[in-house]
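One structure below.
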Amino acid sequence: MPCSHSLPRLLRRVAFWLLPPAAILQTVAMLVDYEPATHYFRAGAVLPVLSVLLVLLSALLGSLSILLWREELEQSPFAPHRTFSASTLGFLLAGSVLLKAGGSDTLRVAAGVLLLLSAPYAFLHALPRMREHRAAMTLLGLLPILACILLNAYYYFDVSIEMNSPIKLALQLALLPAMLAYTGEIRFHLGRPCRRLYLLADVWLMSLGVLSALSLPVAFLFGGLRRADYAVGAILLATLSLTQHRHTRRMSAKPLSDTEPKSSEETDFSAPDTEPKPSGETELSAPDAEPEPSGETELSAPDAEPKSSEEASISRPDDTTENGI
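Using my numbering, read the sequence shown as starting at 14 and increasing by one per residue.
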């Protein structure tokens with residue numbers, strides 16, 4: 014069993030350590046090769062291609078590590094103690110920036126409102142006592158999904174940036190696994206979790222989010238990107254990735270070292286249950302079996318002997334009296 018666990022653990026670590034170089038390469042590419050006038054990288058740029066290759070390799074290795082994990086992931090991804098969710102700040106910041114932006118775009122306003130309403134869910138979800146209210150948390154869990162859908166639609170229908178612009182594609186692709194991750198959380202609240210699918214969504218969210226989580230905010234601060242709504246979307250993805258990374262580590266990293274103790278505990282619990290039962294049955298059956306036949310012989314013996322002696326004593330006087338007469 015330890016040999017079977019070492020390969021998924023190694024793949025997961027390699028996938029994780031590929032993300033920081035990809036984020037650095039993408040950030041340098043935004044500062045050096047990005048053209049704000051066209052919203053594209055300059056022709057022949059190598060850094061964006063390398064960052065995308067590292068991200069795809071990380072996502073594939075992370076997915077493979079989850080698929081190769083043979084044991085059942087029975088533990089919950091949520092911390093048993095009270096924590097602070099980084100996604101709470103991400104929802105608040107993204108919703109505030111979208112609502113403060115000028116114009117009367119319906120999708121932008123609706124996405125901003127839902128992002129602000131999603132912040133209470135992220136805050137309450139970090140409290141273990143609130144997760145016990147499954148119905149309320151399930152309803153609140155729909156808000157982040159709707160917020161991601163509307164934010165993705167807002168980026169999609171934004172005609173000021175070309176449809177196949179790398180910054181637009183990076184945000185749209187990363188929002189898709191974010192919606193799947195929150196759908197997986199709702200399944201946990203409903204008591205019907207799909208743990209491997211949830212981990213796969215987390216892996217792709219962290220991998221695709223690297224393409225924009227650091228590069229767009231840095232480019233916005235240094236003047237390379239003039240769109241605050243896109244930069245704040247990248248910050249939201251960064252906070253979501255941090256939160257989901259903690260859940261992924263709880264489900265996949267710690268259980269790998271705790272699987273063997275769990276199996277030993279199961280055997281320890283099963284051993285005392287199996288041994289006393291047969292011994293108790295034999296002890297109960299032995300006394301029950303012996304008294305019954307012994308009682309029958311004791312009752313039958315005295316009943317048979319007196320009857321025969323009385324009959325003999327009664328028959329003898331009759332014979333003597335007859336002879337005397």
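Glycine included, each C-beta is placed from N, C-alpha and C at the ideal position.
Note that the structure is predicted; figures quoted are calculated from it, not measured.
{"Asked": "Where GLU145 sits in the DSSP three-state scheme", "Found": "helix"}
{"Asked": "Candidates GLY237, SER109, PRO190 and LEU155, of which the one nearest TYR53 by Cα", "Found": "GLY237"}
{"Asked": "C-alpha distance - LEU182 paired with MET176, whole-angstrom precision", "Found": "8 Å"}
{"Asked": "Supposed contact pair ALA244 and LEU255 - C-beta distance, whole angstroms, cut 8 Å", "Found": "Wrong, their Cβ atoms sit about 17 Å apart, outside the cutoff."}
{"Asked": "Burial state of SER173 (16 or more Cβ within 10 Å)", "Found": "exposed"}
{"Asked": "Counted within 10 angstroms of its Cβ, other Cβ atoms place LEU23 as buried (16 or more) or exposed", "Found": "exposed"}
{"Asked": "Cβ contact (3+ pairs, closer than 8 Å) linking the segment 74-83 and the segment 20-35", "Found": "yes"}
{"Asked": "Beta-carbon separation (whole angstroms), LEU7 vs LEU164, contact threshold 8 Å", "Found": "This structure cannot settle anything about residue 7, because the visible part of the chain is limited to 14 through 338."}
{"Asked": "Nearest-angstrom Cα separation, counted from LEU203 out to TRP82", "Found": "25 Å"}
{"Asked": "Cβ-Cβ distance between SER225 and ALA247 below 8 Å", "Found": "yes"}
{"Asked": "Integer-rounded CB distance, given that THR252 should sit under 8 Å from LEU102", "Found": "6 Å"}
{"Asked": "Bridge partners - GLU48, DSSP secondary structure assignment", "Found": "TYR53"}
{"Asked": "Range covered by the alpha helix (DSSP H) that runs through ASP215", "Found": "208-226"}
{"Asked": "Enclosing alpha helix (DSSP H) for MET192 [first to last residue]", "Found": "179-202"}
{"Asked": "Option nearest LEU105 by Cα separation, candidates ARG262, LEU249 and THR119", "Found": "LEU249"}
{"Asked": "Alpha-carbon to alpha-carbon, VAL62 and ALA50", "Found": "20 Å"}
{"Asked": "Cβ neighbour criterion (16 or more within 10 Å) applied to ARG55", "Found": "exposed"}
{"Asked": "When ALA35, LEU44, HIS260 and LEU188 are compared against SER71, the one with the closest alpha-carbon", "Found": "ALA35"}
{"Asked": "Beta-carbon contacts of LEU20 that lie in its chain and below 7 Å, excluding the five residues immediately before and after", "Found": "LEU81"}
{"Asked": "CB of MET143 within 8 Å of CB of LEU152, strictly", "Found": "no"}
{"Asked": "Three-state secondary structure assigned by DSSP to SER100", "Found": "helix"}
{"Asked": "Cβ shell of THR261 (< 8 Å), same chain only, five flanking positions each side left out", "Found": "PRO90, LEU212, ASP215, VAL216 and MET219"}
{"Asked": "Heavy atom of the ligand FAD within 7 Å of LEU189 beta-carbon", "Found": "With respect to the ligand FAD, the structure shown offers nothing to examine, as it has no ligands at all."}
{"Asked": "CA nearest to the CA of GLY108, picked from PRO141, ARG121 and ALA99", "Found": "ARG121"}
{"Asked": "Residue span of the alpha helix (DSSP H) that contains ARG259, given as start and end", "Found": "241-261"}
{"Asked": "Proximity winner among VAL68, ALA132 and LEU67, relative to MET150 (alpha-carbon distances)", "Found": "ALA132"}
{"Asked": "DSSP-derived helix/strand/coil call for TRP30", "Found": "helix"}
{"Asked": "Cβ-based burial, TYR169 [other Cβ within 10 Å; buried from 16]", "Found": "exposed"}
{"Asked": "Per-residue DSSP class, three states only, for LEU174", "Found": "The amino acid occupying residue 174 in the given sequence is Ile; Leu does not appear at that position. ILE174 falls in the coil class under three-state DSSP."}
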